[in-house]
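Novice: Pasting a structure here, questions to come.
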Amino acid sequence: EMRDGNSGGKGKGRNNVGHGNWPYKWWYESVLIELALLCGTDATTPFIQKHKLYAQLSIHVGPDPVDSIMRWVRNQLYTNRLRWRDLQLESLSPVLSDIISGDP
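Residue 99 in the working numbering sits at position 99 of the sequence shown, with consecutive numbering throughout.
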């Protein structure tokens, strides 16, 4: 017996990939913004250089600085038992929190 494609069996009745809410996106826009701020934008690069931020955070920037920064962020998230969706720079390190709260 042939089933109709919209019958509700296993895997049936779902929209095509890319339509509706499936598949779910795996990133959070707020996290991308926070990561861009840490990597350096037009607005944050002078701040990073002024405070020698990477040295204070013990981030060893190698040939691929983005990779080094993302590894540090991931390690901080998992060490502090944080969730990606709740990522804020201030929560990653007390050094970051002090610098951000103290800078005018």
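We treat Cβ as the ideally placed atom computed from N, Cα and C, and that holds for glycine.
Predicted, not measured: the structure shown is a model, and the values here were computed from it.
Report the option in Arg81, Gly102, Arg71, Arg83 whose CA atom is closest to the CA atom of cysteine 39.
Specialist: Here residue 39 refers to the residue found at position 39 of the sequence shown. Comparing alpha carbon positions, the residue from Arg81, Gly102, Arg71, Arg83 closest to cysteine 39 is Arg71.
Novice: Quick one: what does DSSP say valine 61 is sitting in, helix, strand or coil?
Specialist: What you label residue 61 is simply residue 61 of the sequence shown in a count that begins at 1. Residue state, collapsed to three classes: coil.
Novice: Below 8 Å on the Cβ atoms is my guess for leucine 35 versus serine 93; work out the distance and round it to an integer in Å.
Specialist: Mapped onto the sequence shown, residue 35 falls at position 35. Mapped onto the sequence shown, residue 93 falls at position 93. Not really, about 14 Å apart at Cβ, beyond 8 Å.
Novice: Specify, as a first and last residue, the run of the alpha helix (DSSP H) that leucine 53 falls within.
Specialist: The residue you call residue 53 lines up with position 53 of the sequence shown. Start and end: 53 to 56.
Novice: Exposed or buried, valine 95, counting other C-beta atoms within 10 Å across all chains shown (16 or more means buried)?
Specialist: Walking along the sequence shown from the start, residue 95 turns up at place 95. With fewer than 16 Cβ atoms within 10 Å of its Cβ, valine 95 is classed as exposed.
Novice: Is aspartate 42 helix, strand or coil by DSSP?
Specialist: Residue numbering aside, residue 42 sits at position 42 when the sequence shown is read from its first letter. Reduced to three states, the DSSP call for aspartate 42 is coil.
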